[in-house]
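What follows is one structure encoded as structure tokens, with my remarks underneath.
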Amino acid sequence: MPYSLDNIHPLFIHFPIALLSTGLFFDLLAVILKREDLENAGFWCMLMGTISCLFSNFTGIMIFLTGASFSDLPRFTHALLAWSTTFIFAFLFWARIKYQMDFRYSPLKQWIYFSINILAVGILFYGAHLGAEAAGRIQ
1 MPYSLDNIHP LFIHFPIALL STGLFFDLLA VILKREDLEN AGFWCMLMGT
51 ISCLFSNFTG IMIFLTGASF SDLPRFTHAL LAWSTTFIFA FLFWARIKYQ
101 MDFRYSPLKQ WIYFSINILA VGILFYGAHL GAEAAGRIQ
């Protein structure tokens, strides 16, 4: 089977979904079990998941442009959600580095961080669902 954007984009999109949701799971376990190794695993999953979002978004734009133009992009909810979650996770990663000690000792800041992270993962899952519908993979 020859490689095309139709075949490559579905390969890339699984990485941010898996890495970011697993990173959230590791972070929650790190807080519950008070284990730094799980916090480190969550950190690296979030980093690699955020980076993989960029590759997924790039291949998504390329496949979108094969049948439409940039002016049609604002009407494509899947793309808007994909880019929104990329920016949210980039912001969360920045906040995680900048306020690492605050998150560790402030339950309120930790709660806000986890609330935004859970919301972002939910938006990511819904955006993935819309992408599968747009590709005709689900009804």
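In the UniProt record's numbering, the protein residues as written are 1 to 139.
Virtual Cβ for every residue (Gly too), placed ideally from N, Cα, C.
Keep in mind that this is a model prediction, so the values were computed, not measured.
- Contact between I17 and L124 holds, since their C-beta atoms are separated by about 6 Å, short of 8 Å.
- Minimum Cα-Cα distance from A95 among the listed residues L47, H14, T59 corresponds to L47.
- About 15 Å separates the CB atoms of I88 and S56; that is not less than 8 Å, and the two are not in contact.
- For S69, there is no enclosing alpha helix (DSSP H), as DSSP marks it with neither H nor E.
- Taken atom to atom, the span from the alpha-carbon of S106 to that of L28 is near 15 Å.
- Apart from sequence neighbours up to five positions away, the residues of its chain that approach E39 with a beta-carbon distance below 7 Å are D27, A30, ordered along the chain.
- Nearest C-alpha to P10 among S21, L54, G60: G60.
- L20 sits close to V121, with the two beta carbons spaced by under 9 Å.
- In this structure the segment 101-118 does not touch the segment 57-77; the number of beta carbon pairs closer than 8 Å is below three.
- Linking A135 to A79 through their CA atoms gives a straight-line distance of about 13 Å.
- Residue nearest to E133 within the set T77, I118, F103, M101 is T77 (criterion: CA-CA distance).
- Straight through space, the alpha carbons of T50 and L33 are spaced by roughly 25 Å.
- Counting of Cβ neighbours within 10 angstroms places T85 among the buried residues, the total reaching 16 or more.
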